[in-house]
Amino acid sequence: MTMDWTDGSSFVPIASSLLSSKNDQNVIGTTKKIDKRTIASKRRIMAQSKGTDVVIQLLDQALKAGLTAKYVMFDTWFSNPHQIVQISQRGLNLIAMVKKSSKITYEFEGKRMTVKQILNACKKRRGRSRYLLSVPVKVGDPAKDGAQIDARIVCVRNRCNRKDWIALICTDMTIDENEIIRIYGKRWDIEVFFKTCKSFLKLGTEYHGLSYDALTAHTAFVFLLYMFMSVEKRDDEDDRTIGELFYCMVDELADITFNHSLQILVEAMFESVKEIFQPTEEQMERFTNAFISRLPKYMQEAISPSLAA
61 MTMDWTDGSS
71 FVPIASSLLS
81 SKNDQNVIGT
91 TKKIDKRTIA
101 SKRRIMAQSK
111 GTDVVIQLLD
121 QALKAGLTAK
131 YVMFDTWFSN
141 PHQIVQISQR
151 GLNLIAMVKK
161 SSKITYEFEG
171 KRMTVKQILN
181 ACKKRRGRSR
191 YLLSVPVKVG
201 DPAKDGAQID
211 ARIVCVRNRC
221 NRKDWIALIC
231 TDMTIDENEI
241 IRIYGKRWDI
251 EVFFKTCKSF
261 LKLGTEYHGL
271 SYDALTAHTA
281 FVFLLYMFMS
291 VEKRDDEDDR
301 TIGELFYCMV
311 DELADITFNH
321 SLQILVEAMF
331 ESVKEIFQPT
341 EEQMERFTNA
351 FISRLPKYMQ
361 EAISPSLAA
């Protein structure tokens, strides 16, 4: 299991755990004598924990190390209400794909319903809309999960099968549906990461030992190689990484101010009046005074330098 961080441009792994079986009979190469105070012992205890619990442990490790993120993203494997509530209680928003399960329900309009029942009960958007449905729901049961939080479920048509659909859930109620879809699309980077590690960095083929510590070390080296590749890729693609030279060679366009834009509009209007109607100086002055007198005071002050020039 791997936890990664991305800013939309670079992608780096930050924590991982090689999961194992709880049943000692299914574990090969166990080491009996390990000091319980060592990191090796703690790593083995984590490996035999439930995957949903390991996610929270890895997340706590990242937060303790000072890492921050706007959103936590994962697929249907971890998108159960208890997990969502736990992450929200740590002050983090999440965007995840909803599991279409009859055992997972959400509170919608005062009733407990599955995501399929919610979709069937609501009117879908027609035409070429990017999503079929967007509804606010309550996630979690105060008795079982310790709290209940607000979230939004967005149902999107499956590109691979137009008759199928997928559902996304987001705990940030301030962003719109298109932004939820766009942000979740960045999760594809983790699939590229796994493919690269397995196919090109020999994650599963270079080491064949049975030592859990050696496997952990090998995984760490592979992830480190991917970090080097990610940094190199960023240096090659992002001009801002060349430091001060970027600011010397690339001038970003400044936002045009309100005063400046208003002056441009007024000057263009007066020039058009002069060209088409050809008024005398006296007529032009009367027109200017009448026009300015009808404007609010802040607009009069904004265009006065333009008229004076």
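What the sequence shown shows, in our numbering, is residues 61 to 369, in sequence order. Every residue, glycine too, gets a C-beta built ideally from N, C-alpha and C.
According to DSSP, is residue i helix, strand or coil?
{"i": "Ser76", "result": "strand"}
{"i": "Pro196", "result": "strand"}
{"i": "Pro356", "result": "coil"}
{"i": "Lys110", "result": "coil"}
{"i": "Met61", "result": "coil"}
{"i": "Met289", "result": "helix"}
{"i": "Asp375", "result": "Nothing in the structure corresponds to residue 375, since the chain is present only between 61 and 369."}
{"i": "Phe71", "result": "strand"}
{"i": "Val87", "result": "coil"}
{"i": "Asp201", "result": "coil"}
{"i": "Phe351", "result": "helix"}
{"i": "Tyr272", "result": "helix"}
{"i": "Ala181", "result": "helix"}
Please report the straight-line C-alpha distance between residue i and residue j, rounded to a whole angstrom.
{"i": "Ala369", "j": "Val252", "result": "At Ala369 the pLDDT is 47, less than 50, meaning the model places this residue with poor confidence and gives no usable figure here."}
{"i": "Val145", "j": "Ala328", "result": "57 Å"}
{"i": "Glu169", "j": "Arg212", "result": "13 Å"}
{"i": "Phe254", "j": "Lys262", "result": "11 Å"}
{"i": "Arg150", "j": "Leu325", "result": "51 Å"}
{"i": "Thr62", "j": "Phe318", "result": "49 Å"}
{"i": "Lys258", "j": "Tyr286", "result": "11 Å"}
{"i": "Phe71", "j": "Lys102", "result": "27 Å"}
{"i": "Ala156", "j": "Ile88", "result": "34 Å"}
{"i": "Asp210", "j": "Lys223", "result": "29 Å"}
{"i": "Trp225", "j": "Glu331", "result": "57 Å"}
{"i": "Leu270", "j": "Thr276", "result": "11 Å"}
{"i": "Asn349", "j": "Cys230", "result": "55 Å"}
{"i": "Cys220", "j": "Ser161", "result": "21 Å"}
{"i": "Lys82", "j": "Gln108", "result": "5 Å"}
{"i": "Pro202", "j": "Met106", "result": "27 Å"}
{"i": "Val282", "j": "Thr128", "result": "24 Å"}
{"i": "Leu313", "j": "Lys163", "result": "Only weak support exists for where Leu313 lies, its pLDDT of 47 falling under 50; the coordinates are left without a value."}
Write down the C-beta distance between residue i and residue j rounded to the nearest angstrom, noting that I regard them as a contact closer than 8 Å.
{"i": "Val114", "j": "Leu154", "result": "Their Cβ separation, rounded to whole angstroms, is 16 Å, which puts Val114 and Leu154 out of contact at 8 Å."}
{"i": "Leu118", "j": "Ala75", "result": "4 Å"}
{"i": "Phe134", "j": "Thr112", "result": "Phe134 to Thr112, Cβ: 10 Å. No contact."}
{"i": "Glu237", "j": "Tyr191", "result": "5 Å"}
{"i": "Ile250", "j": "Asp64", "result": "6 Å"}
{"i": "Lys159", "j": "Thr136", "result": "4 Å"}
{"i": "Pro339", "j": "Phe347", "result": "7 Å"}
{"i": "Ala227", "j": "Cys215", "result": "5 Å"}
Per DSSP, what are the beta-bridge partners of residue i in this structure?
{"i": "Phe387", "result": "Past the boundaries of the shown model lies residue 387; the chain is included only from 61 to 369, so the question cannot be answered."}
{"i": "Leu154", "result": "Val132"}
{"i": "Met173", "result": "Tyr166"}
{"i": "Ile229", "result": "Ala156 and Ile213"}
{"i": "Thr66", "result": "Phe71"}
Quick one: does the C-beta of residue i sit closer than 6 Å to a heavy atom of the ligand NAD?
{"i": "Asn218", "result": "Among the components of this structure there are no ligands whatsoever, and the ligand NAD is therefore not found."}
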